[in-house]
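K.L.:
Handing you this structure, nothing more for now.
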Ligand code: PGA
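Numbering (the working numbering), first residue to last: 920 to 1153.
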């Protein structure tokens, strides 16, 4: 694992931007894996303000809530429209189909999307419990796209985006751990002291499904981009 530590989240986002811009300039980025949440917002602002052109690039998102329409302001589809796609259209953009309640069909369809569009670079955040995507502790490393019931801590962490905690969906579709590991390159960003224990366990702890992000120790091309606070327990 390569670790880049910047003083602030803004400076760390610039590091992530520079890596993506470099891959774009070398025509090495055909499929970009994207994440939602607060962490990548600074990166997306930099991408929006840049001259980079993604109209020949395909995007695939990590996850989507079950039961929300793409037009629902709480859906991850909508989040990506607002934070990136309106300013920077992609050739095509894929999400697991949150409107389809048939989990097996959604998983099969999204696994086919991922097989047809192998990810060159996956942008990733990390949960305080070490989750990646919505792969909560205990998720098998062999998992592909699947439906998850969110843990109370993840529901609580996501409640800040909703008017009321009971509006947070209880389930999501997510790329699995094996799906994430299939990306040629992973950029995991983490900011703030609340992420420091998860970063320590992911980097220094044993590789275990109890800390999903620890699997990245086995990936050949991972860069962690941290601010000083998230790196404070390394
Ligand atoms: P955050 O979420 O970027 O909003 O902290 C990251 C995650 O839970 O994966």
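Every residue, glycine too, gets a C-beta built ideally from N, C-alpha and C.
Could you compute how far the alpha carbon of residue 972 sits from the alpha carbon of residue 953?
P.N.:
Within the chain shown, numbered from 1, the residue matching residue 972 stands at position 53. Within the chain shown, numbered from 1, the residue matching residue 953 stands at position 34. The straight-line gap from Cα to Cα measures roughly 16 Å.
K.L.:
Where residue 1068 and residue 1005 are concerned, what is the direct C-alpha to C-alpha distance, given to the nearest angstrom?
P.N.:
The residue you call residue 1068 lines up with position 149 of the chain shown. The residue you call residue 1005 lines up with position 86 of the chain shown. For residue 1068 and residue 1005, the distance between alpha carbons rounds to 30 Å.
K.L.:
Using a Cβ-based criterion (distance less than 7 Å to any ligand heavy atom), does residue 1045 qualify as near the ligand PGA?
P.N.:
The count along the chain shown starts at 1 and reaches residue 1045 at position 126. At least one heavy atom of the ligand PGA is nearer than 7 Å to the Cβ of residue 1045, so yes.
K.L.:
Skipping 5 residues on each side, what residues in its chain have a beta carbon closer than 6 Å to that of residue 1055?
P.N.:
Within the chain shown, the letter at position 136 stands for residue 1055. Cβ neighbours of residue 1055 beyond the five flanking positions: 1070.
K.L.:
Do residue 931 and residue 1108 have their CB atoms nearer than 8 Å?
P.N.:
Mapped onto the chain shown, residue 931 falls at position 12. Mapped onto the chain shown, residue 1108 falls at position 189. In this structure, residue 1108 lies closer than 8 Å to residue 931 by Cβ.
K.L.:
Which of the three DSSP states, helix, strand or coil, is assigned to residue 920?
P.N.:
Along the chain shown, one-based indexing puts residue 920 at 1. In this structure, residue 920 counts as coil in the three-state DSSP scheme.
K.L.:
Thinking just about the alpha-carbon of each residue, which of 948, 951, 1149 and 1097 is nearest to the one in residue 1128?
P.N.:
As a position in the chain shown, residue 1128 is number 209, starting the count at 1. The candidate whose alpha carbon is nearest that of residue 1128 is 1097.
K.L.:
Cβ of residue 1152 within 8 Å of Cβ of residue 1102?
P.N.:
Stepping through the chain shown from its first residue, residue 1152 is reached at position 233. Stepping through the chain shown from its first residue, residue 1102 is reached at position 183. No, Cβ-Cβ distance for residue 1152 and residue 1102 is not below 8 Å.
K.L.:
What are the boundary residues of the alpha helix (DSSP H) that residue 1013 is part of?
P.N.:
Within the chain shown, the letter at position 94 stands for residue 1013. Per DSSP, residue 1013 belongs to no alpha helix (DSSP H); it is in the beta strand (DSSP E), 1011–1013.
K.L.:
Considering only residues of the stretch 1081–1128, which uninterrupted beta strand (DSSP E) runs meet the minimum length of 3 residues and lie entirely inside it, listed in chain order?
P.N.:
Counting only runs of 3 or more, we get 1090–1093 and 1104–1109.
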